[in-house]
Amino acid sequence: MKGRFDIVIVGGGVTGLTTAALLAHGAQSDALRVTLVDASPRPMYQATDDVALRVSAIASGSADIIASFGAWDRIASTRVCRYEHMRIWDEADEADGPSTLRFDADEFAVPQLGFIVENVLMQDAILRVLDRTDVNLRFASPIGGIERDGERYRLELEDGRQLNADLVIAADGARSFVRDAAGIEVATWPYAQTAFVTHLRPQQPHGSIARQRFLADGPLGMLPLADGRISVVWSTTAGTAECALTANDDELGRMLSEASDYVLGDLAVEGPRGAFPLCAQHARHYVLPRLALIGDAAHAVHPLAGQGANLGLQDARALAEVIEEAITKGEHPGDRPVLRRYERARKGANGTMLHFMTGLNRLFASGSPTLGELRRAGMRLFNVSGPLRERAVKTALGAGRS
Ligand SMILES: Cc1cc2nc3c(=O)[nH]c(=O)nc-3n(C[C@H](O)[C@H](O)[C@H](O)COP(=O)(O)OP(=O)(O)OC[C@H]3O[C@@H](n4cnc5c(N)ncnc54)[C@H](O)[C@@H]3O)c2cc1C
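The numbering of the sequence shown is my numbering, which starts it at 249 and goes up by one.
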């Protein structure tokens with residue numbers, strides 16, 4: 249159809265799906281023909297299924313993005329846990345010691361600090377919204393090739409079919425095929441850590457508190473789930489993660505109870521297990537003419553502050569806004585100067601978060617007693633610094649636009 253731009257989004261994770269939904273609900277949706285392709289089968293959420301292994305802490309600001317196209321109500325009424333409090337402490341201290349960082353929704357006059365949501369529930373809810381739009385969804389369709397063809401890109405699906413795009417949006421995750429095929433380099437900072445993930449039933453109620461205990465090998469995150477269990481993300485050595493994967497339930501419960509310093513009493517394993525090698529990475533460029541990277545394809549950050557998906561959602565919003573604005577002004581949405589507006593809006597903010605997380609992880613992983621003392625003094629200071637606390641919470645709530 250003349251006058252319409254073909255946009256192909258590669259990747260149906262939360263970032264790619266959100267971009268598709270924002271474009272389909274935007275003021276310029278009539279000027280776009282959007283196709284979303286994903287290598288995996290369509291994700292399905294069933295309320296009768298156990299809580300999925302992969303859950304994310306979603307900031308209130310990110311929930312607002314998903315609400316803007318009508319998918320949040322379904323998530324909120326299905327299975328989420330709002331968390332109102334956050335506690336972060338060093339292994340050398342007690343969980344309720346003077347150096348513990350404390351954040352409470354009340355203090356910042358917000359109903360909650362965020363939500364713990366299953367990734368598959370977010371995908372399912374956004375897909376139900378997309379089903380009511382004319383976005384063309386193709387699951388189980390890996391992209392196996394991509395090349396420039398004049399002013400467009402031609403994408404080859406692995407079954408031999410082709411797609412043409414005026415703009416390709418690569419939302420295909422940290423090991424992005426599109427990014428690599430387009431020749432965009434990535435800077436990588438290995439952490440020598442693996443994130444071990446499982447769910448546990450604590451002896452004491454979690455009290456809707458998201459907790460993080462910093463250990464020498466990496467942080468142990470404990471996220472509250474709606475059914476009273478907690479989801480742990482234990483960033484540790486590859487060897488310890490391997491032990492955790494192969495230990496029996498009693499052994500693993502003991503390992504994690506100890507790592508948590510029994511802050512919730514004994515922890516009993518009640519859920520699947522998984523392990524994810526960690527590294528930080530940042531694409532040198534987010535855009536080329538007719539191509540943009542978003543989400544983990546552009547940046548991967550340490551999960552210690554639960555920011556990865558939140559950053560991806562902010563990318564999605566920024567890119568959708570830039571595309572709409574360009575079309576309104578009569579510009580081609582794939583032109584480099586147009587896409588550079590998106591890159592300028594997001595690359596600096598994502599880089600700051602990435603380096604902050606990497607630095608924080610290093611600072612806490614240091615065994616030096618002097619650094620340990622400095623760290624705890626810094627945390628005590630942070631607790632009484634109004635402006636610093638406010639800024640940190642604003643970022644964590646996803647309230648600030650870059
Ligand atoms: C242990 C752990 C805990 C985390 N906890 C949090 C948290 O609490 N809060 C938070 O905000 N973030 C968290 N994150 C980060 C978050 O999970 C990621 O940042 C987020 O999922 C990235 O989403 P995405 O859509 O960009 O990429 P992905 O979710 O990786 O999606 C990429 C999609 O692209 C598809 N794809 C890949 N290659 C191709 C191809 N060739 N053709 C077609 N499709 C393709 C894949 O099938 C996939 O569906 C955590 C990460 C880890 C590892």
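We treat Cβ as the ideally placed atom computed from N, Cα and C, and that holds for glycine. Predicted model, so just to flag it, every value in this text is computed and none were measured.
For residue i, collect the residues of the same chain with a Cβ closer than 6 Å to its Cβ; drop the 5 residues on either side in sequence, then sort them by chain order.
{"i": "Ala418", "result": "Val258, Ser424, Val426, Arg427, Leu541 and Ala545"}
{"i": "Ala574", "result": "Pro581 and Val586"}
{"i": "Ala343", "result": "Trp337 and Val511"}
{"i": "Gln360", "result": "Arg330, Glu332 and Ala353"}
{"i": "Asp420", "result": "Val258, Gly259, Val426 and Ala545"}
{"i": "Gly345", "result": "none"}
{"i": "Ser277", "result": "none"}
{"i": "Asp465", "result": "Thr484 and Thr485"}
{"i": "Gly393", "result": "Glu404"}
{"i": "Ala458", "result": "Tyr331, Met334 and Leu471"}
Any idea what DSSP makes of residue i, helix, strand or coil?
{"i": "Ala268", "result": "helix"}
{"i": "Ser650", "result": "Low confidence applies to Ser650: its pLDDT is 44, below 50, so where it sits in the model is not reliable, and the reading given next is rough at best. Ser650 falls in the coil class under three-state DSSP."}
{"i": "Thr484", "result": "strand"}
{"i": "His580", "result": "coil"}
{"i": "Glu339", "result": "coil"}
{"i": "Asn496", "result": "coil"}
{"i": "Ala422", "result": "coil"}
{"i": "Lys250", "result": "Residue placement at Lys250 is flagged as unreliable, the pLDDT there being 45, under the threshold of 50; the coordinate-derived value follows with that caveat. DSSP places Lys250 in coil when its eight states are reduced to three."}
{"i": "Asp352", "result": "strand"}
{"i": "Glu445", "result": "Note that residue 445 corresponds to Val in the displayed sequence, not to Glu. Val445 falls in the strand class under three-state DSSP."}
{"i": "Asp397", "result": "strand"}
{"i": "Arg402", "result": "strand"}
{"i": "His273", "result": "helix"}
{"i": "Pro438", "result": "strand"}
{"i": "Leu361", "result": "coil"}
{"i": "Pro585", "result": "helix"}
{"i": "Phe604", "result": "helix"}
{"i": "Leu559", "result": "helix"}
{"i": "Ser389", "result": "coil"}
{"i": "Ile432", "result": "coil"}
What do you reckon, are the CB atoms on residue i and residue j nearer than 8 Å?
{"i": "Gln678", "j": "Thr442", "result": "Outside the shown range of the chain (249 to 650) lies residue 678, about which nothing can therefore be said."}
{"i": "Leu301", "j": "Val445", "result": "yes"}
{"i": "Leu526", "j": "Gln371", "result": "no"}
{"i": "Val282", "j": "Asn367", "result": "no"}
{"i": "Glu572", "j": "Ala275", "result": "yes"}
{"i": "Ala279", "j": "Ala422", "result": "no"}
{"i": "Val262", "j": "His447", "result": "no"}
{"i": "Ala319", "j": "Ala373", "result": "yes"}
{"i": "Trp482", "j": "Leu468", "result": "yes"}
{"i": "Gly362", "j": "Ala324", "result": "no"}
{"i": "Ser310", "j": "Asn558", "result": "yes"}
{"i": "Asp563", "j": "Arg584", "result": "no"}
What is the rounded straight-line gap between the Cα of residue i and the Cα of residue j?
{"i": "Pro520", "j": "Pro289", "result": "21 Å"}
{"i": "Thr381", "j": "Leu411", "result": "20 Å"}
{"i": "Asp338", "j": "Ala268", "result": "41 Å"}
{"i": "Gly522", "j": "Ala553", "result": "19 Å"}
{"i": "Leu271", "j": "Arg502", "result": "48 Å"}
{"i": "Ser650", "j": "Arg402", "result": "Annotation note: pLDDT 44 at Ser650 (below 50); position unreliable, no value reported."}
{"i": "Phe317", "j": "Glu499", "result": "45 Å"}
{"i": "Thr484", "j": "Arg350", "result": "24 Å"}
{"i": "Val328", "j": "Arg376", "result": "18 Å"}
{"i": "Ala539", "j": "Thr488", "result": "Note on residue identity: the sequence assigns Leu, not Ala, to residue 539. When rounded, the distance between both Cα atoms is 40 Å."}
{"i": "Ala430", "j": "Glu395", "result": "8 Å"}
{"i": "Pro438", "j": "Ala597", "result": "21 Å"}
{"i": "Gln555", "j": "Phe524", "result": "16 Å"}
Would a check of beta-carbon distances place residue i closer than 8 Å to chain C?
{"i": "Gly259", "result": "Absent from the structure: chain C. Only one protein chain is present."}
Candidates the options: which alpha carbon is nearest residue i's?
{"i": "Pro581", "options": "Ala507, Leu561 and Asp414", "result": "Asp414"}
{"i": "Gly451", "options": "Glu499, Gly476, Arg565 and Arg400", "result": "The residue you asked about is not Gly; residue 451 is Gln in the sequence shown. Nearest C-alpha to Gln451: Gly476."}
{"i": "Val416", "options": "Arg594, Val285, Leu552 and Glu339", "result": "Val285"}
{"i": "Ser505", "options": "Glu490, Phe524, Gly487 and Ile478", "result": "Ile478"}
{"i": "Val517", "options": "Phe524, Leu536 and Asp497", "result": "Asp497"}
{"i": "Asp514", "options": "Ala279, Thr348 and His454", "result": "His454"}
{"i": "Ile364", "options": "Asp407, Pro472, His533 and Ala531", "result": "Pro472"}
{"i": "Ala340", "options": "Phe462, Val434 and Glu399", "result": "Phe462"}
{"i": "Leu369", "options": "Phe356, Ile314 and Val358", "result": "Ile314"}
{"i": "Arg400", "options": "Leu493, Pro390, Val383 and Asp254", "result": "Asp254"}
{"i": "Glu591", "options": "Lys577, Phe604, Leu567 and Thr606", "result": "Leu567"}
{"i": "Ile432", "options": "Thr606, Tyr293 and His533", "result": "His533"}
{"i": "Gly398", "options": "Leu561, Pro537 and Gly543", "result": "Pro537"}
Taking 7 Å as the limit between beta carbons, can you name the residues of its chain near residue i, skipping five residues before and five after?
{"i": "Arg589", "result": "Val570"}
{"i": "His273", "result": "Phe317"}
{"i": "Gly599", "result": "His530"}
{"i": "Leu602", "result": "Ala528, His530, His547 and Val549"}
{"i": "Pro495", "result": "Position check: residue 495 holds Ala in this sequence, whereas Pro was assumed. Around Ala495: Met503."}
{"i": "Gly508", "result": "The question names Gly, yet the displayed sequence has Ser at residue 508. Result list for Ser508: Arg461, Leu468, Met470 and Leu515, in chain order."}
Leaving out five residues on either side along the sequence, give the residues of the same chain with a beta carbon under 8 Å from the beta carbon of residue i.
{"i": "Met249", "result": "With a pLDDT of 40 at Met249, under the threshold of 50, the modelled position of this residue cannot be trusted; read the value that follows with caution. Within the same chain, Met249 has close Cβ partners Arg281."}
{"i": "Asp227", "result": "The chain is shown only over 249 to 650; residue 227 falls outside these bounds and no answer can be derived."}
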